[in-house]
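Only one structure is covered here, and it is reproduced in the block below.
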Ligand code: ATP
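Residue numbers (the numbering used here): 13 to 530.
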């Protein structure tokens, strides 16, 4: 495996080119919150639009489901704030907890399962400290150095595996004295707010920690108000909020993020087949947007990892990307879960509203050729993707260093995702070239208007303009030069190879249509 790309360089490029900024930057930032700049907002929209296209508009590219019929999905857009009863029914109010520990000395708070400890290779002798750290943070290297000084050869174990009576010897990540860590406590990840002016405990509400519940609570409304029949799916994209204990790794673990979720309702007997269908379809989708290499994988979760809703026999697969900060390990970008009928059953019970589906195509045959019908609570397959993690994976995959080029850093974005689709330059800002490049820019912009931005740039040396576009991930640049005025041809430069060729001015739009697969 090649060495991981530099996250510092990727983050610097994101800021320099306006992909991603720290939220509230000029006030020192707000931990766990990120804003998307002009290029990032467009990249994110392009990814969301591709998902929408392949999920809602033309599900799975027109592929047939395991029942041999076209896949049926309808969209929804539900509120961020719902009745707090939704979160009681869904289990989030009770169980959406990450056990966490505090450091009494530094006041830092850590997710219990994120803290590891350097301990001696052999039996610990004497009462030297054990050195706690959080992986992928500066504390990791710092504590390792101290541990090696104290013990010589050391190994890493999760804090959770150390007997609690030895915690008095644990030196917390940034602490000076041992024994400052508290016992683990449950911590609810939902953001709390108040609805209305009085702000009493009766007015408490929560920002949704996932978009999925908005779908479940409208299952009956959608069935009653549209012509959908099980099997079908409901999809929505939108913001979700989790008060993560240790937000980190750029946008990977944020406190405000966006999800793209499908809840696919099917007959219990067909759930296993639909689960396999969605697992394969979603993996293929991530490949289709440019994550096709060895950094993408799918992993069936072990039984001990399954979420609170997963029942016996219910599977969950994580689609994972090897981010530079997780390498050689992988981080989840989408989970595909077989949720059985947990959600509909719990909402039926708590809301006292019947959510069963009457399936007139099932049941015993009747003499008139019809069927008796069957009433059941559908099972659900949930492909739940993170848009921000998707964007981050795409950026990490596209980031390329090539010191031999005038632009040593470039983004090899799939043209479908590139926020800038093409750029047009005059070689120099004189001798009639800007007039021709303006005309070409207007023509290309008009042709690509619905698909993305086309830049026109007359300033700086041509090398610098190419470098800017390479960093923005723009696939093709067209340059008007002296020869253009003589023979109506233009140079087109390919971002990935740097190779240049001449084509007729009239061939520019067809060239781009092919390149962008429009
Ligand atoms: P993790 O184990 O990494 O906390 P999760 O299993 O809790 O994630 P899900 O509840 O399955 O995540 O959410 C579905 C998707 O939402 C994830 O695959 C991920 O892409 C995204 N997601 C979840 N939490 C965050 C977060 N804090 N920041 C950004 N994206 C997130």
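We put the CB at the ideal spot given by N, CA and C, even for glycine.
Proximal residues to residue i (C-beta, below 8 Å), its chain only, five neighbours per side dropped
i	result
residue 529	427, 428
residue 361	101
residue 299	308
residue 238	86
residue 120	114, 184, 185, 186
residue 474	437, 439, 491
residue 170	125, 127, 128, 129
residue 461	none
Contact under 8 Å by Cβ, residue i with residue j
i	j	result
residue 118	residue 184	yes
residue 437	residue 469	yes
residue 481	residue 432	yes
residue 394	residue 275	yes
residue 14	residue 336	no
residue 219	residue 202	yes
residue 400	residue 269	yes
residue 423	residue 435	no
residue 250	residue 89	yes
residue 40	residue 243	no
residue 398	residue 386	no
residue 240	residue 84	yes
residue 406	residue 355	no
Simplified DSSP state of residue i, which is helix, strand or coil
i	result
residue 362	helix
residue 422	strand
residue 486	coil
residue 433	strand
residue 202	coil
residue 522	helix
residue 14	coil
residue 313	coil
residue 208	coil
residue 126	helix
residue 139	coil
residue 245	strand
residue 383	strand
residue 470	coil
residue 250	strand
residue 75	coil
residue 121	strand
residue 237	helix
residue 30	coil
residue 416	coil
residue 500	coil
residue 51	helix
residue 495	helix
residue 479	helix
Same chain, Cβ closer than 6 Å to residue i, neighbours up to 5 away in sequence not counted
i	result
residue 265	256, 259
residue 310	295, 329, 331
residue 222	252
residue 512	503, 505
residue 50	30
residue 16	336, 339
residue 42	35, 36
Which listed residue (the options) has its alpha carbon closest to that of residue i
i	options	result
residue 519	88, 500, 327	500
residue 80	510, 59, 286	286
residue 546	123, 162, 145, 182	Here the chain has residues from 13 to 530 only, and residue 546 is not among them.
residue 29	48, 293, 370	48
residue 358	97, 215, 37, 304	97
residue 206	304, 242, 94	94
residue 509	418, 268, 223	418
residue 129	452, 178, 448	178
residue 506	494, 496, 523	523
residue 23	504, 416, 453, 404	404
residue 277	66, 75, 350	350
residue 366	464, 236, 334	236
residue 521	385, 477, 454	454
residue 228	247, 495, 215	247
residue 145	72, 165, 155, 352	155
residue 364	283, 352, 232, 70	232
residue 450	415, 408, 493	493
residue 526	488, 498, 495	488
residue 168	138, 212, 69, 131	131
Sequence-distant residues of the same chain with beta carbon closer than 7 Å to residue i, five excluded per side
i	result
residue 325	Confidence at residue 325 is low in this model, with a pLDDT of 49, below 50, so its placement is unreliable and the value that follows should be read with caution. Excluding positions up to five away in sequence, the list is empty.
residue 347	328, 330, 396
residue 115	184, 187, 192, 193
residue 267	44, 45, 253, 254, 255, 256, 259
residue 312	327, 329
residue 108	200, 201, 202, 221
Proximity test, residue i beta-carbon vs the ligand PLP heavy atom, cut-off 7 Å
i	result
residue 265	Here the bound small molecules are the ligand ATP; the ligand PLP is not part of this structure.
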